[in-house]
Each structure stands twice: as C-alpha cells, then as structure tokens.
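For reference, the structure is listed below as structure tokens.
Residue numbers (the working numbering), protein chains in the order written: chain A, 2 to 105; chain B, 2 to 105.
Okay, structure coming up:
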C-alpha cells in the first residue's frame, strides 16, 4: 500500500458572536479559492453549530505537508487570515488520523 | 435558490481506549456500506485525534431528514450500533450549518 502522505486536521474556532456573518463570508471565499486554485488542497469542510453559530469547525485535508505549507503562503489565505484576525476569539488545531473519508 | 434539505451533523465520540482498533474497523465497514448502498448518505468522514486516538469525530451529510431516518434502520447501521454499543463511552451529536463543504 502506498504511504498516505495526506495531512488531515480539525480546526475548532470560536468567533466573536457579533462578527459571525462577516467571518463566515470571508471563510467561504477563502475555501472556494483554495479548492479552485490549489491542487494540493483536497478538502475544506466548514460548519457552525446550529445552537451556537460562533462555534465553527473545519475538516481540512491537504495532499502533503508541502501542500499545506504552500497553502498558508497564498494571497487568498493571507487575505483571510489578516481580515479575520480580530474576529477569532480562539483557534485550536488538532492533527487527526483519517479512519475513513467517504463521499459521493 | 433551492432550499437546502441536507442534514449536516458532527458526532463527537469517546471510545474505550483498549477497543479503539476494533471500534475503528467496525466504523470503517459501516461507512463503506452506507456510502455504497444508500443514495441519501452523501458524506461520512471519520477521524481520530492523533494524540488521543480514543477521541473520534465524524462529519455526516445526509440528503434529507428522511434519508437519515432510513439510514439508521439499515442492517449495516444496526450491526455497527449493536457491535459497538459497549465500546462507546460517550456520544455527542451536534446539528450544524454548512458554511461551505468543498472537496476535489
């Protein structure tokens, strides 16, 4: 079996409640650009808790560590990071092992 | 815009540490069967924390509430649920809003 070089991660973010709508728009824009322009960004799924919309969770899959390093230097990522800096109360990044990633 | 009838959810599970390998195999089998056999199961992504492999997280997307109700009555889901009943320490289901779900 080929070695799985993918980088898989969960991000847990808490957003300033009054800025959730603005944050969400910026995040959606950044995800769309990343998936469209970066071959090494394989999956970016972002959701918010229905009962607590300021609780945002992401599941991120990159083709490799190099793809991730390249991602965080792109203009669209840097724009998102700068624009949302004051909107993010906390950010926890969790390295995870893919048990199974399956979609239609 | 068409109404989005999808049901999107996160599941947070804590597994008995000594049974993680067995649990993971049963979960992977259940996910494969669901995606293959059920048109209404759109996405089932399961991961475990690298530093705490007994912490399992799922991102689940169903086409509709009816698709979800059908899913939990399938033989493969019931087999998984029964076989893993004593392996699961805790299960938290969180209804979420999809900000953006994007993959290659």
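Glycine is no exception: its CB is placed at the ideal position from the N, C-alpha and C atoms. Here the structure is a predicted model, which means the values were calculated and not measured.
- In the structure shown, residue 56 of chain B falls within a strand segment according to DSSP collapsed to helix, strand and coil.
- Residue range 76-84 is occupied by the alpha helix (DSSP H) that includes residue 76 of chain A.
- DSSP places residue 17 of chain B in the coil class of the three-state scheme, outside both helix and strand.
- Rounded to whole angstroms, the gap between the alpha carbons of residue 95 of chain A and residue 10 of chain B is 19 Å.
- In the displayed model, residue 61 of chain A falls within a strand according to three-state DSSP.
- Under the three-state reduction of DSSP output, residue 7 of chain A falls in the coil class, being neither helix nor strand.
- In the three-state scheme derived from DSSP, where H, G and I count as helix and E and B as strand, residue 73 of chain A is classed as coil.
- In this structure, residue 46 of chain B places its C-beta atom within 8 Å of the C-beta atom of residue 59 of chain B.
- At least 8 Å separates the beta-carbon of residue 99 of chain B from that of residue 55 of chain B.
- Within the DSSP bridge table, the entry for residue 45 of chain A names A/61, B/103 as partners.
- Non-local C-beta neighbours of residue 66 of chain B in its own chain, meaning closer than 6 Å and more than five positions away in sequence, comprise 8, ordered along the chain.
- Per the DSSP secondary-structure output, residue 12 of chain A pairs in a beta bridge with A/59, A/94.
- Taking residue 21 of chain A as the centre and dropping the five residues before and after it, the same chain places the C-beta of 54, 55 closer than 6 Å to its C-beta, in chain order.
- Within a 10 Å sphere around the beta-carbon of residue 52 of chain B sit fewer than 16 other beta-carbons, which makes this residue exposed.
- Under the Cβ criterion of 8 Å, residue 16 of chain A is not counted among the residues facing chain B.
- In the same chain as residue 39 of chain B, and ignoring 5 residues on each side of it, the C-beta atoms closer than 8 Å to its own belong to 68, 71, 72, 75, in chain order.
- For residue 38 of chain B, the closest Cβ of chain A is not nearer than 8 Å.
- If you draw a straight line from the Cα of residue 92 of chain A to the Cα of residue 26 of chain A, it comes to about 18 Å.
- For a cut-off of 8 Å, the C-beta gap from residue 36 of chain B to residue 103 of chain A is around 4 Å, short enough to register as a contact.
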